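Asker: Quick mapping for you: the protein sequence lines, in order, are chains A and B. Following my numbering, the numbering of the first sequence begins with 47 at its first residue and continues without gaps. Following my numbering, the numbering of the second sequence begins with 33 at its first residue and continues without gaps. Backbone N, C-alpha and C fix where the C-beta goes; we use that ideal spot for every residue, glycine too. Quick caveat: nothing in here was measured; it's all calculated off a predicted structure.
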Amino acid sequence: MAAAVHDRAAQRSAAPRQRRSGLVWYLIAGVAISAVFVLPLLWEVFRSLQPESAVSNPPSAASFTHLTFGNYKTLLSGQADILRNVINSLIVGVLTAILTSLVALLAGYGFALFRFRFSGLAFGVVLLAFMIPFQAVLTPLFLELHFLHLLNSLIGLALFYTTFNLPVGVFVMRNSFLQVPGEMVDAAQIDGASVLRTLASVYRPLVMPGIATTALFAFLFSWTEFLGALSFLTNDGLFTLPVALSNVETGTYGSVNYGLLLAGAVIAMIPCIVVYIALQRFYVRGLVSGALKG
Amino acid sequence: MSGQVSAPPSERTSRLRGGLTQSWLPRGGSAAGRSAAGGPAPRRRSTAASRRTTRTGLLLIAPALLFVTAFALIPLGFGVYISLTNWPLVGPYHFIGLANYTALVHNSVFLQSILFTLKYTAIVTVPILVIGYALAVFVRANRPGSTVFRTMIFVPYIVGLVAESFMAVVELQPDSGTVNFVLAKFGIAKVSTAWLVHTGLALTAISVLVIWFASGLTMMLLMAGMQGIPVELYESARVDGASWWGAERRITIPLLRRSIALSLIISVVGSFLAFNQFFIMTDGGPGTSTESVVMAIYQTAFADFNVGLASAMSIVLIVVVGLITFVQFRYLQGDAD
Numbered sequence: 047m048a049a050a051v052h053d054r055a056a057q058r059s060a061a062p063r064q065r066r067s068g069l070v071w072y073l074i075a076g077v078a079i080s081a082v083f084v085l086p087l088l089w090e091v092f093r094s095l096q097p098e099s100a101v102s103n104p105p106s107a108a109s110f111t112h113l114t115f116g117n118y119k120t121l122l123s124g125q126a127d128i129l130r131n132v133i134n135s136l137i138v139g140v141l142t143a144i145l146t147s148l149v150a151l152l153a154g155y156g157f158a159l160f161r162f163r164f165s166g167l168a169f170g171v172v173l174l175a176f177m178i179p180f181q182a183v184l185t186p187l188f189l190e191l192h193f194l195h196l197l198n199s200l201i202g203l204a205l206f207y208t209t210f211n212l213p214v215g216v217f218v219m220r221n222s223f224l225q226v227p228g229e230m231v232d233a234a235q236i237d238g239a240s241v242l243r244t245l246a247s248v249y250r251p252l253v254m255p256g257i258a259t260t261a262l263f264a265f266l267f268s269w270t271e272f273l274g275a276l277s278f279l280t281n282d283g284l285f286t287l288p289v290a291l292s293n294v295e296t297g298t299y300g301s302v303n304y305g306l307l308l309a310g311a312v313i314a315m316i317p318c319i320v321v322y323i324a325l326q327r328f329y330v331r332g333l334v335s336g337a338l339k340g
Numbered sequence: 033m034s035g036q037v038s039a040p041p042s043e044r045t046s047r048l049r050g051g052l053t054q055s056w057l058p059r060g061g062s063a064a065g066r067s068a069a070g071g072p073a074p075r076r077r078s079t080a081a082s083r084r085t086t087r088t089g090l091l092l093i094a095p096a097l098l099f100v101t102a103f104a105l106i107p108l109g110f111g112v113y114i115s116l117t118n119w120p121l122v123g124p125y126h127f128i129g130l131a132n133y134t135a136l137v138h139n140s141v142f143l144q145s146i147l148f149t150l151k152y153t154a155i156v157t158v159p160i161l162v163i164g165y166a167l168a169v170f171v172r173a174n175r176p177g178s179t180v181f182r183t184m185i186f187v188p189y190i191v192g193l194v195a196e197s198f199m200a201v202v203e204l205q206p207d208s209g210t211v212n213f214v215l216a217k218f219g220i221a222k223v224s225t226a227w228l229v230h231t232g233l234a235l236t237a238i239s240v241l242v243i244w245f246a247s248g249l250t251m252m253l254l255m256a257g258m259q260g261i262p263v264e265l266y267e268s269a270r271v272d273g274a275s276w277w278g279a280e281r282r283i284t285i286p287l288l289r290r291s292i293a294l295s296l297i298i299s300v301v302g303s304f305l306a307f308n309q310f311f312i313m314t315d316g317g318p319g320t321s322t323e324s325v326v327m328a329i330y331q332t333a334f335a336d337f338n339v340g341l342a343s344a345m346s347i348v349l350i351v352v353v354g355l356i357t358f359v360q361f362r363y364l365q366g367d368a369d
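1. For residue 117 of chain B, which of helix, strand or coil comes out of DSSP?
2. Which chain B residues are close to residue 71 of chain A, counting only those with a beta carbon under 7 Å from its beta carbon?
3. In chain order, which alpha helix (DSSP H) runs of at least 4 residues are fully inside the region 103-178 of chain A?
4. State the start and end residues of the unbroken alpha helix (DSSP H) segment that holds residue 211 of chain A.
5. Kindly indicate which residue of B:169, B:212, B:322, B:339 has the alpha-carbon position closest to the one of residue 247 of chain B.
6. What residues from chain B crowd round residue 118 of chain A, counting only those whose CB sits closer than 9 Å?
7. If you reduce the DSSP assignment to three classes, tell me which class residue 127 of chain B lands in.
8. Taking the straight line between their C-alpha atoms, what separation do you get for residue 202 of chain A and residue 284 of chain A?
9. Look at the Cβ atom of residue 195 of chain B, then the Cβ atom of residue 318 of chain A, and state whether they are nearer than 9 Å.
10. Give the residues of chain A in contact with residue 103 of chain B, contact being defined as C-beta atoms less than 7 Å apart.
11. Under 9 Å between the Cβ atoms of residue 324 of chain B and residue 316 of chain B?
12. Could you have a look at residue 308 of chain B and say whether DSSP puts it in helix, strand or coil?
13. How many Å lie between residue 191 of chain A and residue 255 of chain B at the Cα?
14. Just by C-beta distance, which residues in the region 89-107 of chain A are closer than 8 Å to chain B?
15. Kindly indicate if chain B contains any beta-carbon less than 9 Å away from that of residue 38 of chain A.
16. If you draw a straight line from the alpha carbon of residue 81 of chain B to that of residue 95 of chain B, how long is it in whole angstroms?
17. Residue 346 of chain B and residue 149 of chain B: beta carbons closer than 9 Å?
18. What is the DSSP secondary structure of residue 67 of chain B, counted as helix, strand or coil?
19. In chain order, what residues of the region 85-97 of chain B put their CB closer than 9 Å to some CB of chain A?
20. Note down, in chain order, every chain B residue with its Cβ under 9 Å from the Cβ of residue 314 of chain A.
21. By the 10 Å Cβ neighbour count, where 16 or more other Cβ atoms means buried, how is residue 134 of chain B classified, buried or exposed?
22. Taking C-beta pairs closer than 8 Å, name the residues in chain B that residue 251 of chain A reaches, listed in chain order.
23. Does DSSP classify residue 139 of chain B as helix, strand or coil?
24. Would you please verify whether the beta carbon of residue 183 of chain B is less than 9 Å from any beta carbon of chain A?
25. Out of B:138, B:130, B:287, B:126, point me to the one whose CA is closest to residue 258 of chain B's CA.
26. Kindly indicate which residue of A:133, A:163, A:271, A:90 has the alpha-carbon position closest to the one of residue 91 of chain B.
27. Note down, in chain order, all residues in the region 282-299 of chain B with a beta-carbon under 7 Å from any beta-carbon belonging to chain A.
28. How many Å lie between residue 341 of chain A and residue 115 of chain B at the Cα?
29. Between which two residues does the alpha helix (DSSP H) containing residue 189 of chain B stretch?
30. Report the residue ranges of all alpha helix (DSSP H) runs contained in full by the region 248-327 of chain A; include only those spanning at least 4 residues, in chain order.
31. Give me the chain B residues within the contact set of residue 141 of chain A, using Cβ-Cβ distance strictly less than 7 Å, ordered along the chain.
32. Check whether the region 77-85 of chain A and the region 171-191 of chain B touch, using three or more Cβ-Cβ pairs below 8 Å as the test.
33. Could you check the C-alpha separation between residue 334 of chain B and residue 273 of chain A for me, to the nearest Å?
34. Distance cutoff 9 Å, beta carbons only. Does residue 86 of chain A sit that close to anything in chain B?
35. Name, please, each residue of chain A whose Cβ falls closer than 9 Å to the Cβ of residue 333 of chain B.
36. Run through DSSP, which three-state label would residue 174 of chain B get?
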């Protein structure tokens with residue numbers, strides 16, 4: 047695939063003179079387009095560093111010079127104890143990522159390399175979760191989690207997130223295993239290694255990218271999810287960050303403070319960007335494998 | 033979906049041969065494909081070995097099945113059951129047959145939420161597809177900077193609509209939000225425009241936000257599809273003297289049907305299930321004029337405690353979303369695959 051793209055680029059370079067000015071225009075256009083998508087978010091980072099009075103009043107010269115971490119200080123201490131919610135979000139996100147990649151790893155292995163009765167049916171069942179929008183089973187799930195004593199529980203929330211990340215995860219992991227050359231499978235078989243041993247020794251290095259993709263998707267899903275967390279958590283101390291921010295928005299902690307809301311939204315944004323920039327290779331891989339096979 | 037279940041053998045063989053498309057091989061998988069996907073199972077299949085394979089395979093997929101059964105299938109079945117009752121959040125309940133469903137026909141809040149969600153979906157779908165397509169064309173070539181541009185354009189999608197909706201709430205405030213001060217410079221809006229308390233203005237603002245947020249995803253999906261199209265096709269089109277748009281129309285768009293179908297399904301289903309942006313930015317207001325279907329369900333279940341009715345709404349939503357997916361898939365994929 048990469049080679050094909052390269053060829054296409056090579057063709058374009060046929061006329062060097064045209065290419066030079068074309069490239070300049072391409073870069074200018076690219077920077078302008080990128081600005082449309084990134085500048086608003088950068089602007090919000092800047093705005094979150096303004097004191098509340100500047101955020102809630104018409105802009106003035108002073109509002110551009112008096113930058114402060116005041117909003118962040120208030121948010122991470124004292125009354126609006128967002129730090130606890132950040133930690134809750136991290137716990138749920140990491141738990142979801144670990145559970146999803148572990149379960150998807152095993153299932154992907156089973157679906158890709160074991161032909162057995164009902165495997166087609168079972169794969170269909172897993173993909174069914176993909177067809178059922180979680181938004182539409184929220185009420186019965188609420189009651190079920192209540193019966194299981196998993197309501198108002200970070201673990202319950204992580205189990206719920208894991209379920210709805212599994213279809214993508216299983217799909218990505220199955221594709222990872224399918225890419226392992228058949229000779230390696232046969233060699234491991236001849237050596238007489240056990241199933242789990244083969245998984246750990248032969249396949250681990252080959253399917254690590256798939257695990258990274260699955261974990262990344264699961265973490266980002268969990269970190270940015272709102273509706274489920276809003277419905278299944280009623281105890282302030284257990285709120286994840288987005289739910290806590292909706293409290294800041296409606297002013298549960300005293301009067302409405304837009305400076306705090308902006309700072310909170312920036313805190314919610316930063317891990318996404320950091321994780322994405324660091325691991326985007328895996329993210330795009332997952333999207334592409336879903337896009338081409340989905 | 034049935035295609036996926038039988039896909040592995042041919043998929044695997046084509047990958048091993050370095051193939052670009054799966055369509056080279058028959059769908060069901062050739063005999064060679066089957067044995068290649070047989071994996072660790074020995075070639076001479078004794079019953080004991082195949083029984084062991086079955087057991088190992090089932091054990092490996094058991095956790096995934098358990099999760100999906102416990103937190104997706106059982107809730108679905110339970111939801112159907114509840115929808116046939118007058119289930120309150122606490123207290124006894126009775127079977128009332130299809131009364132919840134017949135009540136929905138006269139439930140003005142639900143009907144209004146469906147109409148509003150349809151309207152919202154109709155507004156955002158085409159811009160997301162067209163802008164996403166144009167962006168994909170822009171970043172698909174392996175030119176200097178294209179990878180960076182891809183990354184940048186995708187950032188709003190990664191950050192998520194929830195954080196961005198909170199930011200938008202602040203920036204859309206009259207007399208203090210950035211949006212009004214920028215638009216006022218161009219004479220488009222007044223500094224005092226209160227976006228989030230008028231139905232039309234709120235829908236406009238939310239639609240713009242969502243188009244900005246979601247175009248990057250469509251771009252990524254379409255770009256992946258575009259990069260899978262063999263370059264030779266463009267070469268021969270060039271030899272035939274086709275214009276850029278001619279090649280785009282005759283080669284890219286037809287070969288991109290799968291990716292277009294996928295990105296349309298994702299975007300339409302996403303719009304139909306919208307909740308976050310409306311809950312955060314307008315809370316359904318003014319009145320219930322910007323209440324989406326999922327919001328109506330949420331309110332019915334968790335504010336009115338009418339769980340039976342909410343479940344009936346959910347079942348209707350599942351059926352509608354399923355139908356939309358099916359129709360779009362059928363229509364855009366044709367019988368080609």
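Answerer: Reading off the structure:
1. strand
2. Under the 7 Å cutoff, chain B gives no residues; its nearest Cβ is about 11 Å from residue 71 of chain A.
3. 116-122, 128-159, 165-177
4. 200-224
5. B:169
6. Those within 9 Å of residue 118 of chain A in chain B number zero; the least Cβ separation is about 15 Å.
7. strand
8. 12 Å
9. yes
10. 187, 205, 206, 209
11. yes
12. helix
13. 40 Å
14. 89, 90, 93, 101, 102, 103, 104, 105
15. Here chain A has residues from 47 to 340 only, and residue 38 of chain A is not among them.
16. 23 Å
17. no
18. Confidence at residue 67 of chain B is low in this model, with a pLDDT of 37, below 50, so its placement is unreliable and no value can be given for it.
19. 85, 86, 87, 88, 89, 90, 91, 92, 93, 94, 95, 96, 97
20. 191, 192, 194, 195, 198
21. exposed
22. Neighbours of residue 251 of chain A on chain B: none; closest Cβ ~18 Å, over 8 Å.
23. coil
24. yes
25. B:287
26. A:163
27. 291, 294
28. In the structure as shown, chain A starts at 47 and stops at 340, and residue 341 of chain A therefore has no counterpart that could be examined.
29. 178-191
30. 250-270, 273-278, 287-296
31. By Cβ distance, chain B contributes nothing, its closest Cβ being about 13 Å from residue 141 of chain A, past 7 Å.
32. yes
33. 12 Å
34. yes
35. 184, 185, 188, 277
36. coil
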